[in-house]
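Participant: Handing you a structure now.
Number of protein chains: 2
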Amino acid sequence: MNENPNRFQQMCKKLKSSGYKLTPQRMAVIKILSERTDHPNPEKIYSLLKKLLPTTSPATVYKTLAILKKLDEVLEIQYSNQSNRYDGVKPAPHPHIYCKKCKKFSDLELLLHGQLIEEIKDSTDYEIESIYLSIEGICPDCKSSVS
Amino acid sequence: MNENPNRFQQMCKKLKSSGYKLTPQRMAVIKILSERTDHPNPEKIYSLLKKLLPTTSPATVYKTLAILKKLDEVLEIQYSNQSNRYDGVKPAPHPHIYCKKCKKFSDLELLLHGQLIEEIKDSTDYEIESIYLSIEGICPDCKSSVS
DNA sequence: ATACGTGCAAATACTTTGCAGGCTT
DNA sequence: AAGCCTGCAAAGTATTTGCACGTAT
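Order-wise, the sequence lines are chains A and B. The C-terminal residue of the first sequence carries number 147 in the numbering used here, and the numbering is unbroken. The C-terminal residue of the second sequence carries number 1147 in the numbering used here, and the numbering is unbroken.
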């Protein structure tokens, strides 16, 4: 299922080759990001990080995320006025679907996605950098639960 | 060009019929939203509002936007860690393209959009509510300017 | 020794909320 | 008179920054 079993190594390598130091804190954040497909937010990452390194601070999480984002090793997902979510497993922009009830973000595979990118590139004179597609609704579990 | 010359009246009517009072402040916010296709943020709306009603407060803008959003009379666009943008002219979700340099949001017409919605609805068991598609890049003007 | 990184706390940015006074009906 | 609305200010949330100390090379 895991499309990329070496995200941990990849991210470590990229950090290092970009001139950043591989500290225990950064490695721990990378480890968390490389294993989680549930698009955690900084708070969640921080709470997981604290278990590994009890004295860390949220600032370290934010700083590490900023670096990884700049290196395109993590995808930042903005949604509503909530805190950002991060995807270190699949760092390239890809479609997401979000459940308004359980607040879960999931990946979505779309056959049309490739064609869509084509049409976008053809139909504007913009220099396209990224395409963000996100869908919101109610997931099957939440639909069937009595609310 | 303007697809909907009566947005002002429509929004006023919707407010009223939903049990909200049509105050001068709200009408002024609606007026601004109904005339602007440039997706203003609350600060921009507030600065325009102040010209019409010098004593208003940002809170009034936020409160009015919250109502209009709930009534689906305004579309809220989230982007990056910037303040939200609002579209009162076309309140249904539609694709946007954003220039990273001049920070302009523009609407984008896509032939595939209908098909995309179809595929999304067919390919998941979610109850779909909204589809947000936003593209980021550099607009033609900014591309040609010397930086 | 030097430069980089951490972690605390303060600062910032944006938005929401509480509440007293005012206006409308 | 009652209730909604405004506008101020305070609070809240998410994130960033400044800085002194620590650590690795």
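Glycine residues also receive a C-beta, built at the ideal position from the N, C-alpha and C atoms. All of these numbers come straight from a predicted model, not from anything done at the bench.
Since B:Gly1012 is in the alpha helix (DSSP H), which residue starts that stretch and which ends it?
Facilitator: What you label residue 1012 of chain B is simply residue 12 of the second sequence in a count that begins at 1. Correcting the residue type first, residue 1012 of chain B is Cys in the shown sequence and not Gly. Arg1007 to Ser1017 is the extent of the alpha helix (DSSP H) around B:Cys1012.
Participant: Given a cut-off of 8 angstroms, decide if B:Ile1097 and A:Thr56 are closer than it, judged by their beta-carbon atoms.
Facilitator: By 1-based counting over the first sequence, the position of residue 56 of chain A is 56. By 1-based counting over the second sequence, the position of residue 1097 of chain B is 97. Going by C-beta atoms, A:Thr56 is not nearer than 8 angstroms to B:Ile1097.
Participant: Check the Cβ of B:Lys1143 against every Cβ in chain A and list those closer than 7 angstroms, keeping chain order.
Facilitator: Here residue 1143 of chain B refers to the residue found at position 143 when the second sequence is read from its first residue. Residues of chain A passing the Cβ test: Glu127.
Participant: Within the region 37-121 of chain A, note down every full beta strand (DSSP E) run reaching 3 residues or more, in order along the chain.
Facilitator: 75-77, 85-87, 96-99 and 105-107
Participant: Measuring only between beta-carbons, confirm whether B:Lys1044 sits less than 8 angstroms from chain A.
Facilitator: For the purposes of this step, residue 1044 of chain B is taken as the residue at position 44 of the second sequence. Cβ-Cβ to chain A under 8 angstroms: no for B:Lys1044.
Participant: Mapping DSSP to helix, strand and coil, what is A:Ser134?
Facilitator: The sequence position of residue 134 of chain A within the first sequence is 134, counting from 1. Note: A:Ser134 maps to strand in three-state DSSP.
Participant: Please name the residues in the region 108-123 of chain A whose beta-carbon is closer than 8 angstroms to at least one beta-carbon of chain B, in chain order.
Facilitator: Leu108, Glu109, Leu110, Leu111, Leu112, Gln115, Leu116, Glu119, Ile120 and Ser123
Participant: Answer with buried or exposed for B:Leu1111, where buried requires no fewer than 16 other C-beta atoms within 10 angstroms of its C-beta.
Facilitator: By 1-based counting over the second sequence, the position of residue 1111 of chain B is 111. Counting the other Cβ atoms within 10 Å of the Cβ of B:Leu1111 gives fewer than 16, which makes it exposed.
Participant: Who are A:Glu35's beta bridge partners in DSSP?
Facilitator: Translated into the one-based positions of the first sequence, residue 35 of chain A becomes position 35. Note: A:Glu35 sits in no beta bridge, so no partner.
Participant: Please state if the CB of A:Pro40 and the CB of A:Tyr86 are separated by a distance shorter than 8 angstroms.
Facilitator: If you number the first sequence from 1, residue 86 of chain A lands on position 86. If you number the first sequence from 1, residue 40 of chain A lands on position 40. Result yes, Cβ atoms of A:Tyr86 and A:Pro40 sit closer than 8 angstroms.
Participant: Does any CB atom of chain B fall closer than 8 angstroms to the CB of A:Leu133?
Facilitator: For the purposes of this step, residue 133 of chain A is taken as residue 133 along the first sequence, with counting starting at 1. At least one chain B Cβ lies under 8 angstroms of A:Leu133.
Participant: Mind pulling the chain A residues with CB within less than 7 angstroms of B:Ile1097?
Facilitator: Start at 1 with the first residue of the second sequence, and residue 1097 of chain B comes out as number 97. Within chain A, the residues near B:Ile1097 are Thr124 and Tyr126.
Participant: Check for me: the alpha helix (DSSP H) holding B:Asp1125 runs from which residue to which?
Facilitator: One-based indexing of the second sequence puts residue 1125 of chain B at position 125. First-last for B:Asp1125: undefined, no H or E at that position.
Participant: Measuring alpha carbon to alpha carbon, tell me which residue in A:Leu68, A:Leu49, A:Lys63 and A:Lys90 is nearest A:Asn6.
Facilitator: The residue you call residue 6 of chain A lines up with position 6 of the first sequence. Ranking A:Leu68, A:Leu49, A:Lys63 and A:Lys90 by Cα distance to A:Asn6 puts A:Lys90 first.
Participant: Distance cutoff 8 angstroms, beta carbons only. Does A:Arg102 sit that close to anything in chain B?
Facilitator: By one-based count along the first sequence, residue 102 of chain A stands at place 102. Position check: residue 102 of chain A holds Cys in this sequence, whereas Arg was assumed. Closer than 8 angstroms: no.
Participant: Among B:Ile1030, B:Lys1103, B:Tyr1079 and B:Ile1138, which has the Cα closest to the Cα of B:Ala1066?
Facilitator: The residue you call residue 1066 of chain B lines up with position 66 of the second sequence. Measuring from the Cα of B:Ala1066, the nearest candidate turns out to be B:Ile1030.
Participant: Counting only beta-carbon atoms, is A:Gln10 nearer than 8 angstroms to chain B?
Facilitator: Against the first sequence, residue 10 of chain A aligns to sequence position 10. No, because no Cβ of chain B sits closer than 8 angstroms to the Cβ of A:Gln10.
Participant: With 8 angstroms set as the bound, which would you pick, yes or no: does the beta-carbon of B:Ile1077 sit closer than that to a beta-carbon of chain A?
Facilitator: The residue labelled residue 1077 of chain B in the question sits at position 77 within the second sequence. No, no contact with chain A.
Participant: Pick helix, strand or coil for A:Lys143, following the three-state DSSP scheme.
Facilitator: As a working mapping, residue 143 of chain A is identified with position 143 in the first sequence. In this structure, A:Lys143 counts as helix in the three-state DSSP scheme.
Participant: Can you confirm whether A:Glu136, when its beta carbon is compared against all beta carbons of chain B, has any partner nearer than 8 angstroms?
Facilitator: Looking up residue 136 of chain A in the first sequence gives position 136. Yes, A:Glu136 counts as interfacial toward chain B.
Participant: Give me the residue from B:Leu1108, B:Glu1119, B:Lys1121 and B:Ser1130 with the minimum Cα distance to A:Ile131.
Facilitator: The residue you call residue 131 of chain A lines up with position 131 of the first sequence. Answer by Cα proximity: B:Leu1108.
Participant: By alpha-carbon positions, which one of A:Val74, A:Leu68, A:Cys99 and A:Asp72 ends up nearest to B:Ile1128?
Facilitator: What you label residue 1128 of chain B is simply residue 128 of the second sequence in a count that begins at 1. Among A:Val74, A:Leu68, A:Cys99 and A:Asp72, the Cα nearest to that of B:Ile1128 belongs to A:Cys99.
Participant: Would you mind sorting A:Ser34 into buried or exposed? The rule is 16 or more other CB atoms within 10 Å of its CB.
Facilitator: Taking the first sequence and counting its residues from 1, the one referred to as residue 34 of chain A is at position 34. A:Ser34 comes out buried.
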